[in-house]
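Some notes on the structure that comes next.
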Amino acid sequence: MDSHRDTPELERLLLRHAVERFYAMEAELLDARQFEAWLDLLDEDIHYWMPLTRNKAFGEWEGELTEAGKDLNWFDEGKFELEQRVKQIMTGLHWAEEPVSRTSHLISNLQVEEDGDGIAARCRFLLYRSRNETETDTFVGKRHDRLKRAPGGFRIAERRIFLDQNVLLAKNLTVFF
Amino acid sequence: MAGGDRKYLGGLVRTSEGRISREVFSSRSVYEDELERLFARCWLFVGHASQVPEPGDFVLGRMGEESVIFNRDRNGKLHVFLNTCRHRGMRVCRYDQGNSRKFTCPYHAWVYSDEGGLIAVPKLESGYHNELDTAEWGLIEARVAEYHGYVFACWDEETPGFEDYLGDFRFYFDDYCRTFDGGFGEWEAFGGTFKWRMPCNWKFAAENFGGDYYHNPSHASVDAVILSPAGVEGRHTYDAVTRARELHRLNICFPGIGHTARGEYFKEDYEYMPTYQEMPVVEDYFRECYAKRRERLGEKARFFGHGGTIFPNVSYSNGVQSMGTWNPVGPHETEAWRIFLVPKDAPDEVKNVLRHYVIRYQGPSGLTEQDDMENWGYAHEGARGTIARRFDYHYGMGQGHEKRGWPAEWLGGDIYATEDVSEQNQRAFFDCWARYLDTPPGAQGARKPSAQRAGKNAEAAE
Chain A
0 MDSHRDTPEL ERLLLRHAVE RFYAMEAELL DARQFEAWLD LLDEDIHYWM
50 PLTRNKAFGE WEGELTEAGK DLNWFDEGKF ELEQRVKQIM TGLHWAEEPV
100 SRTSHLISNL QVEEDGDGIA ARCRFLLYRS RNETETDTFV GKRHDRLKRA
150 PGGFRIAERR IFLDQNVLLA KNLTVFF
Chain B
-10 MAGGDRKYLG GLVRTSEGRI SREVFSSRSV YEDELERLFA RCWLFVGHAS
40 QVPEPGDFVL GRMGEESVIF NRDRNGKLHV FLNTCRHRGM RVCRYDQGNS
90 RKFTCPYHAW VYSDEGGLIA VPKLESGYHN ELDTAEWGLI EARVAEYHGY
140 VFACWDEETP GFEDYLGDFR FYFDDYCRTF DGGFGEWEAF GGTFKWRMPC
190 NWKFAAENFG GDYYHNPSHA SVDAVILSPA GVEGRHTYDA VTRARELHRL
240 NICFPGIGHT ARGEYFKEDY EYMPTYQEMP VVEDYFRECY AKRRERLGEK
290 ARFFGHGGTI FPNVSYSNGV QSMGTWNPVG PHETEAWRIF LVPKDAPDEV
340 KNVLRHYVIR YQGPSGLTEQ DDMENWGYAH EGARGTIARR FDYHYGMGQG
390 HEKRGWPAEW LGGDIYATED VSEQNQRAFF DCWARYLDTP PGAQGARKPS
440 AQRAGKNAEA AE
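Protein sequences appear in the order of chains A and B.
The numbering of the first sequence is this note's numbering, which starts it at 0 and goes up by one.
The numbering of the second sequence is this note's numbering, which starts it at -10 and goes up by one.
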């Protein structure tokens, strides 16, 4: 075995590179409105979660985010529900996405770790949405994914989306994060 | 007559002709009249008692454009305070929720107790020379009414008490407050409040929730993907049941009252229809509740509320049990707040099914309301144009076809009910709205319940 390939740093770099390419491909699918192809990147048991954010006193962070499986959340669902959202857009009658949004998904600050549970990938996202004539929304936040290795790349087994907003300034969340 | 030469009832609001001016939705001066004459006078929803279970618990609320603190004090009493320091107006609480015996202003550190009193002022002696009467400068407190756990507040002493404010509509709000077993069981709010902005006037949402079965085409896409938690049919919990039964789908209002509702009246006393076959715990729960409800309410169990709007801006949904407020942020923007509730003693499986369902139905991530908001937003744009504003909106559907005391006398002797689709509820909403706006500040005494009742009789006689 090539001794250089053994160095953990190089392994991490290669993994990071692979995840980066995966995310670029994912963004490409979403921004090209290839929603069904995007669904194929999701593990059958994916948990897709975006909590609400509360303003809390410094240091008293418990309760800053609403809890999955217990509280209200913007999203707290699985693949079946995400498939429903895609189907709804594809009816051509989902007025909130008709005409459909123009989106650009930007990903940065990527950190990747692999452990027994798979790959933990953390990043910042900026999702820009333009719709109709002058509607615009900018969604910025953190994304914590858990990825599984799969033929040809990865599958997203968990996506936790932390949107940096208290009162949601967008009228809807019809876009995928 | 109000706002200088402006006249609301018979002017901008001509419901008798089935017409309402677009100015009602888009005019800045109409909006300013609303803040003074409507939001400062009406009972507004601020939260549910289960959001503040312990002494010292607080959550923030909204009344009109303004932030309020809804709390339970050290003695268990509920309060609603305007969230502003009496000294220079800084917000005294900027946390969405918490537990505190005092609220300290970040600016000059005036300190208020959880009962609202001003309890500490820096330099009271050296700066104020003990000449500040702290008893005079406590937090500004609203009247508070707790109704089956739902807490409403009001700024105006002239406004009737909350139960009188509900009037004959009480039967319908009670129907909402009842747990699934027909009793007044305890509800608890899920953690978190949906809060989001919408680019439309608040009234588009209020009148839609108040009874607009006509807008079904808005939801063709969600009906197509089947959102119902039972996964059988449609987007509602009850769609499969509804389609299998003989019923009247009703729009419900009362002349002279702005509150409006919608619901179903079953023509027969039906047995429970299996709905959650694949979820035994949930199925058993609802079957049992249905039986208890029939036993408890008898014939009245044949009415199932779907939702409504407590005038002016509080909209509720039954079955999904949500409670929301459409808070004005200028004429062209609304900040919606919504909580969701479940019976406290329901099994976790039931709570989870309902939670999962409601957050996918309503709000900005909800498959259904997303399409409503799209329509409200662009309908609002249609109220803004110089040319567009010259042309009224049409509110004439079903005019003159309202039925009194139908389909059952116990639904309310003064009830106006119509089958399926009608704009009677919107007309009732805007009639009430116009009466508030025609009443200048200081003249509310003229619009007390007795006066409202007289107006109602006059209309009924027409």
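Cβ coordinates follow ideal geometry from the N, Cα and C atoms, glycine included.
Because the structure is a prediction, the values reported are computed rather than measured.
Residues near B/Y154 in its chain [Cβ-Cβ closer than 7 Å; skip 5 each side] = As a position in the second sequence, residue 154 of chain B is number 165, starting the count at 1. These residues qualify, in order along the chain: W32, T148.
query = Can you tell me whether DSSP reads B/M262 as helix, strand or coil?
reply = Looking up residue 262 of chain B in the second sequence gives position 273. Reduced to three states, the DSSP call for B/M262 is coil.
Quick check: the region 145 to 159 of chain A against the region 42 to 49 of chain A, are there 3 or more CB pairs under 8 Å?
yes
Going residue by residue through the region 137 to 187 of chain B, where are the continuous beta strand (DSSP E) segments of at least 3 residues, counting only ones entirely within it?
139 to 143, 176 to 178, 183 to 187
### Message
With a threshold of 8 Å between beta carbons, is B/E363 in contact with chain A?
### Response
Start at 1 with the first residue of the second sequence, and residue 363 of chain B comes out as number 374. Yes - at least one Cβ of chain A is within 8 Å of the one on B/E363.
*asked:* Check for me: the beta strand (DSSP E) holding A/L125 runs from which residue to which?
replied: Here residue 125 of chain A is taken as the residue at index 126 of the first sequence, counted from 1. Note, A/L125: beta strand (DSSP E), 117 to 130.
List the residues of chain B whose Cβ lies closer than 8 Å to the Cβ of A/Q87, in chain order. Position 88 of the first sequence, counted from the start, is the residue given in the question as residue 87 of chain A. Result: S210, V211, A213, V214, L356.
Inter-residue spacing [alpha-carbon to alpha-carbon] between B/E253 and B/Y382:
Numbered from 1 along the second sequence, position 264 holds the residue referred to as residue 253 of chain B. Numbered from 1 along the second sequence, position 393 holds the residue referred to as residue 382 of chain B. B/E253 and B/Y382: Cα-Cα distance of roughly 28 Å.
List the residues of chain B whose Cβ lies closer than 8 Å to the Cβ of A/W37, in chain order. Working through the first sequence from its first residue, we reach residue 37 of chain A at position 38. Within 8 Å Cβ-Cβ: nothing; A/W37 doesn't reach chain B, min ~17 Å.
Please classify B/S439 as buried or exposed, where buried requires at least 16 neighbouring CB atoms within 10 angstroms. Counted from its first residue, the second sequence places residue 439 of chain B at position 450. Note on B/S439: pLDDT 38, under 50, position unreliable in the model; no value is reported.
Original post:
If you compare alpha carbons, which of B/P95, B/E324, B/Q351, B/G401 is closest to B/S461?
Top reply: Residue 461 of chain B is absent from the structure shown; chain B starts at -10 and stops at 451.
Coil, strand or helix - A/D39 by DSSP:
By 1-based counting over the first sequence, the position of residue 39 of chain A is 40. Three-state DSSP puts A/D39 in coil, outside helix and strand.
Open item on the list: Can you pull the chain A neighbours of B/E324, defined as C-beta to C-beta under 8 Å?
Closed with: For the purposes of this step, residue 324 of chain B is identified with residue 335 of the second sequence, where counting begins at 1. What B/E324 touches in chain A: V166.
Assigned secondary structure, B/H4 (DSSP; H/G/I helix, E/B strand, else coil)
Along the second sequence, one-based indexing puts residue 4 of chain B at 15. The amino acid at residue 4 of chain B is misidentified as His; the sequence shows Thr. Helix.
- Limits of the unbroken alpha helix (DSSP H) element including A/Q87: Within the first sequence, residue 87 of chain A is the residue found at index 88, counting from 1. 78 to 89 is the extent of the alpha helix (DSSP H) around A/Q87.
| message | Residues of chain B with CB closer than 9 Å to the CB of A/D70, please, in chain order. | response | Mapped onto the first sequence, residue 70 of chain A falls at position 71. Those within 9 Å of A/D70 in chain B are F179, G180, G181, R344.
**Message:** Between which residues of its own chain and A/S103 is the CB-CB distance below 7 Å, once the five residues before and five after are set aside?
**Reply:** Indexing the first sequence from 1 puts residue 103 of chain A at position 104. Excluding residues within five positions, the ones whose Cβ falls inside 7 Å are D30, Y127.
Would you call the CB atoms of B/L1 and B/S10 closer than 8 Å?
Mapped onto the second sequence, residue 1 of chain B falls at position 12. Mapped onto the second sequence, residue 10 of chain B falls at position 21. For B/L1 and B/S10, yes; Cβs fall inside 8 Å.
| message | If you measure between the beta carbons of B/D157 and B/I246, is that distance less than 8 Å? | response | Your numbering for residue 157 of chain B matches position 168 in the second sequence. Your numbering for residue 246 of chain B matches position 257 in the second sequence. For B/D157 and B/I246, yes; Cβs fall inside 8 Å.
- Query: Distance, Cα to Cα, B/Y280 vs B/D46?
  - Reply: Residue 280 of chain B sits at position 291 when you count from the first residue of the second sequence. Residue 46 of chain B sits at position 57 when you count from the first residue of the second sequence. Per the sequence shown, the amino acid found at residue 280 of chain B is Ala instead of Tyr. Whole-angstrom Cα-Cα distance: 37 Å.
Are A/I118 and A/L146 closer than 8 Å when you measure CB to CB?
Position 119 of the first sequence, counted from the first residue, corresponds to residue 118 of chain A. Position 147 of the first sequence, counted from the first residue, corresponds to residue 146 of chain A. It is a contact, given that the beta carbons lie within the stated cut-off.
Looking at the unbroken alpha helix (DSSP H) that takes in B/Y367, where does it start and where does it end?
Within the second sequence, residue 367 of chain B is the residue found at index 378, counting from 1. Unbroken alpha helix (DSSP H) run through B/Y367: 358 to 370.
| said: Can you list, in chain order, the residues of its chain with a C-beta nearer than 6 Å to that of A/E96? Leave out the 5 residues immediately preceding and following it. | reply: Start at 1 with the first residue of the first sequence, and residue 96 of chain A comes out as number 97. Around A/E96: I88, T173.
Rounded to a whole number of angstroms, what is the C-alpha to C-alpha distance between A/N171 and B/S354? Translated into the one-based positions of the first sequence, residue 171 of chain A becomes position 172. Translated into the one-based positions of the second sequence, residue 354 of chain B becomes position 365. In a straight line, the C-alpha of A/N171 is about 6 Å away from that of B/S354.
Quick one: does A/Q83 have its CB under 8 Å from some CB of chain B? As a working note, residue 83 of chain A is residue 84 in the first sequence. At least one chain B Cβ lies under 8 Å of A/Q83.
* To do: Count the other C-beta atoms from every protein chain shown that fall within 10 angstroms of the C-beta of B/I404, then say buried if there are 16 or more, exposed otherwise.
  => Indexing the second sequence from 1 puts residue 404 of chain B at position 415. Buried, since its Cβ has 16 or more Cβ neighbours within 10 Å.
Interface flag, B/W185 vs chain A, CB-CB below 8 Å | Numbered from 1 along the second sequence, position 196 holds the residue referred to as residue 185 of chain B. It does; some Cβ of chain A falls within 8 Å.
- Message: Could you give the first and the last residue of the continuous alpha helix (DSSP H) run that contains B/F193?
- Response: Mapped onto the second sequence, residue 193 of chain B falls at position 204. 191 to 198 is the span of the alpha helix (DSSP H), which, as asked, contains B/F193.
Query raised in the report: Which residues of chain A have a Cβ atom closer than 9 Å to the Cβ of B/P454, listed in chain order?
Result: The requested residue 454 of chain B is not part of the displayed model; chain B covers only -10 to 451.
Compare the Cα-Cα distances from A/G152 to each of A/N165, A/G62, A/L13 and report the closest residue. Mapped onto the first sequence, residue 152 of chain A falls at position 153. Residue A/L13 is the option with its Cα nearest to A/G152.
With a cut-off of 8 Å, does the C-beta of A/R145 fall near any C-beta of chain B? Taking the first residue of the first sequence as 1, we reach residue 145 of chain A at position 146. Chain B contact via Cβ: absent.
Under the rule that 16 or more other beta-carbon atoms within 10 Å means buried, what is A/L9, buried or exposed? Position 10 of the first sequence, counted from the first residue, corresponds to residue 9 of chain A. Under this definition A/L9 is an exposed residue.
Quick check on the burial criterion: 16 or more other C-beta atoms within 10 angstroms. Buried or exposed for B/S452?
Past the edges of chain B, shown from -10 to 451, lies residue 452 of chain B, and the structure says nothing about it.
Open item on the list: Please list, in chain order, the residues of the region 62 to 87 of chain B that have any C-beta partner in chain A closer than 8 Å.
Closed with: R83, Y84, D85, Q86, G87
Suppose you measure from the CA of B/A227 to the CA of B/M268; what does that come to, to the nearest Å?
Mapped onto the second sequence, residue 227 of chain B falls at position 238. Mapped onto the second sequence, residue 268 of chain B falls at position 279. Residue 227 of chain B is actually Tyr in this sequence, not Ala. Taking the straight line from one Cα to the other gives about 16 Å.
Buried/exposed call for B/H237, threshold 16 Cβ in 10 Å
Taking the second sequence and counting its residues from 1, the one referred to as residue 237 of chain B is at position 248. Buried, since its Cβ has 16 or more Cβ neighbours within 10 Å.
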